[in-house]
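Position one of the sequence shown corresponds to residue 254 (this note's numbering), numbered consecutively onward. All C-beta atoms, glycine included, are put in the ideal place defined by N, C-alpha and C.
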Amino acid sequence: MDLHATYPALSDLRDRARKRLPKFVWEYLDSATGTEATKHRNRAALDRVGLMPSILHGEFTPDLSIELLGQKMPLPFGMSPLGMSGLIWPDAECHLARAADRASIPYGLSTVAAA
254 MDLHATYPAL
264 SDLRDRARKR
274 LPKFVWEYLD
284 SATGTEATKH
294 RNRAALDRVG
304 LMPSILHGEF
314 TPDLSIELLG
324 QKMPLPFGMS
334 PLGMSGLIWP
344 DAECHLARAA
354 DRASIPYGLS
364 TVAAA
């Protein structure tokens, strides 16, 4: 499956997850603690960031790699821990760890993981 063609924007992937997952699972994933004030502040801060697209001429492949804890990583992000992900999908922690390994990005296992 070509993820870029199937889900051209992150919102497309989010909508698909909402439709695919049971309602209680989606509500768990889409929530935050307490009044969700931090979640709303973070969303507002990200919405204020403006990206100005520019057209590059010729062939150009950006280098997104970083060095993290003395190791070179191909991308500037990883997978953060998600508590009880095994309740969301069978063997979720193992699937996520393998996906992170294939992408050579860090993976954090939750202290309340089911695997």
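Check	Outcome
Once DSSP output is grouped into helix, strand and coil, what is the label at Y360?	strand
Would you please state the rounded distance, in angstroms, between the beta carbons of L335 and S363? I believe it to be under 8 Å.	6 Å
What does the Cβ neighbour count give for E346, buried or exposed, with the cut at 16 atoms within 10 Å?	buried
In whole angstroms, what is the alpha-carbon distance linking H293 and R269?	22 Å
Between the segment 322–342 and the segment 272–291, do three or more beta carbon pairs fall short of 8 Å?	yes
To which residues of the same chain is V365 closer than 8 Å at the C-beta, ignoring the five residues directly before and after it?	G336, M337
For L317, name the three-state secondary structure that DSSP assigns.	coil
Enumerate in chain order the residues of its own chain whose CB-to-CB distance from S318 is below 7 Å, with the five nearest sequence positions on each side excluded.	K325, M326, P327
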